[in-house]
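Everything below concerns the one structure shown next.
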Amino acid sequence: HGFHVSVRATIDKLILSAPESLDLGFCTTHQITTLKFMLTNDGEVDAPFAWDSPSPFRLTPATGTIPVGGKEEITVTIMPEDASVYASHAICHVGTGVHAIIPEPIIRTKLSAKAKYAHLMLSEGEVNFGDVVSGVSAAHKQLKLRNTSVVPAEFTLVRFDSDRDEIFGVYPKSGIVPPLGEVDVTITYTALAMGCYSLDRYTFRTPGGCNSVLTCKATAVPPKITLCKEVAAKVSKFGEPNSDEGTIIINGTKFK
Numbered sequence: 001h002g003f004h005v006s007v008r009a010t011i012d013k014l015i016l017s018a019p020e021s022l023d024l025g026f027c028t029t030h031q032i033t034t035l036k037f038m039l040t041n042d043g044e045v046d047a048p049f050a051w052d053s054p055s056p057f058r059l060t061p062a063t064g065t066i067p068v069g070g071k072e073e074i075t076v077t078i079m080p081e082d083a084s085v086y087a088s089h090a091i092c093h094v095g096t097g098v099h100a101i102i103p104e105p106i107i108r109t110k111l112s113a114k115a116k117y118a119h120l121m122l123s124e125g126e127v128n129f130g131d132v133v134s135g136v137s138a139a140h141k142q143l144k145l146r147n148t149s150v151v152p153a154e155f156t157l158v159r160f161d162s163d164r165d166e167i168f169g170v171y172p173k174s175g176i177v178p179p180l181g182e183v184d185v186t187i188t189y190t191a192l193a194m195g196c197y198s199l200d201r202y203t204f205r206t207p208g209g210c211n212s213v214l215t216c217k218a219t220a221v222p223p224k225i226t227l228c229k230e231v232a233a234k235v236s237k238f239g240e241p242n243s244d245e246g247t248i249i250i251n252g253t254k255f256k
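Numbering (full-length UniProt numbering) for the sequence shown: 1 to 256.
Shown next, in the form of structure tokens:
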């Protein structure tokens with residue numbers, strides 16, 4: 001008499017999950033915008049993956065292997081060159097070369113973004129310090145750098161005439177102005193050479209080519225000295241002025 005032995009082999013499942021869609025929202029042209037999400041291994045075996053990224057989107061890491069029950073953080077980046085609406089699908093190839101049941105060997109994630117140009121403007125295009133007495137502490141003025149767009153605006157400060165010594169100090173030299181926000185800009189001037197007129201021009205420049213020009217002016221003048229005598233006719237017996245009877249005024253400050 002014979003007998004039967006039931007033999008059954010099971011094949012593990014390989015399952016990866018990702019968001020169906022991702023919206024990066026408003027993005028600034030010529031600037032990098034990022035968004036992160038988790039790629040999760042919900043299966044029973046380690047899961048290799050490989051992304052096909054549609055331009056101008058980019059997904060990193062593009063390839064890898066996620067252990068059972070593990071997750072991989074994926075970063076989506078975009079640096080649009082013009083103001084447009086972008087929408088496309090990123091394709092993730094799941095489990096290539098793995099002997100397993102793969103219900104979804106391809107995962108599709110929709111990506112979208114709206115690119116806008118950043119626009120910066122200064123509250124004042126010209127700062128004139130007027131006459132500044134040389135040898136005293138630096139003069140200061142402030143203005144606002146405003147972002148009138150709905151996207152963040154990166155900026156760098158560029159000086160027109162960089163081949164000569166810089167007289168003015170303008171800060172900050174770089175930064176990011178939030179959407180519909182503003183930052184304080186401080187300008188300083190220290191008068192050194194008496195009788196010297198100074199003029200310098202700067203540009204606050206965005207990667208997308210928006211320029212806002214600032215002109216700075218000032219003149220260094222000598223201190224004003226006034227000699228006041230209480231009794232002009234009083235002199236010493238040697239014919240010299242009596243210093244005890246006089247007052248020297250320098251820029252409004254009296255010195256006996």
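C-beta atoms are modelled at their ideal positions from N, C-alpha and C, and glycine is treated no differently.
Just confirm the distance between the C-beta atoms of residue i and residue j, as a whole number of angstroms; I'd bet it's less than 8 Å.
i, j, result
"T28", "A87", "No, T28 and A87 are not in contact; Cβ-Cβ is about 18 Å, not under 8 Å."
"V98", "F49", "V98 to F49, Cβ: 11 Å. No contact."
"A138", "T60", "Contact doesn't hold; Cβ gap of about 47 Å is too wide."
Going by CA-CA distance only, name the one from the options that's closest to residue i.
i, options, result
"G208", "A115, V170, R201", "A115"
"V45", "S17, D52, I66, S53", "I66"
"K144", "A100, A138, D42, E124", "E124"
"D161", "Q142, K141, P103, S198", "S198"
"E154", "L22, H30, D165, L14", "H30"
"E81", "P56, K141, K224, M194", "P56"
"V213", "V158, P54, E166", "V158"
"A100", "P222, Q142, D12, K224", "D12"
"P105", "N41, M194, Q142", "N41"
Just to confirm, are residue i and residue j a CB contact at a threshold of 7 Å?
i, j, result
"T215", "R205", "no"
"V183", "V177", "yes"
"S149", "A191", "no"
"K71", "N128", "no"
"W51", "A90", "yes"
"L16", "A47", "yes"
"L35", "V68", "no"
"L122", "I74", "no"
Taking DSSP's pairing of strands, which residues face residue i in a bridge?
i, result
"T28", "K116"
"H89", "K110"
"S198", "A218"
"F37", "I74"
"H99", "For H99, which the question treats as bridged, DSSP gives no partner whatsoever."
"P48", "T65"
"E182", "R146"
"I187", "K141, V170"
"I176", "E154"
Please find out if some non-hydrogen atom of the ligand FMN comes closer than 6 Å to the beta-carbon of residue i.
i, result
"K71", "For the structure depicted, the ligand FMN is absent and the ligand set is empty, with no information on it obtainable."
Within the same chain, show all residues whose beta-carbon is closer than 7 Å to that of residue i, passing over the 5 residues directly before and after it, in chain order.
i, result
"P19", "F37, T109"
"P179", "N147, S149, V150, V151, P152"
"T96", "P48, A50"
"I102", "L14, V94, G95"
"D131", "T219, V221"
"G64", "F49, E72"
"I107", "L16, A18, C92, V94"
Looking only at its own chain, which residues have a Cβ that is under 6 Å from the Cβ of residue i, when we skip the five neighbours before and after it?
i, result
"C196", "A220"
"T33", "L24, C27, I78"
"S174", "T156"
"A233", "In this prediction, A233 has a pLDDT of 46, which is less than 50 and means its spatial position is unreliable; what the coordinates show is noted afterwards. Within the same chain, A233 has no close Cβ partners at all."
"E126", "T215"
"Y171", "T186"
"N211", "T203, R205"
"V136", "none"
What residues in its chain sit with their C-beta under 8 Å from that of residue i, if we drop five residues either side in the sequence?
i, result
"L22", "L35, F37, V76, T109, K110, L111, S112"
"K237", "Confidence at K237 is low in this model, with a pLDDT of 47, below 50, so its placement is unreliable and no value can be given for it."
"G181", "R146, N147"
"T53", "Here the sequence assigns Ser to residue 53, which means Thr is not the residue at that position. If we look at S53 and ignore the five residues flanking it on each side, its Cβ neighbours are L59, A62, A90."
"G43", "D12, K13, L14, I15, L16, V68, A100"
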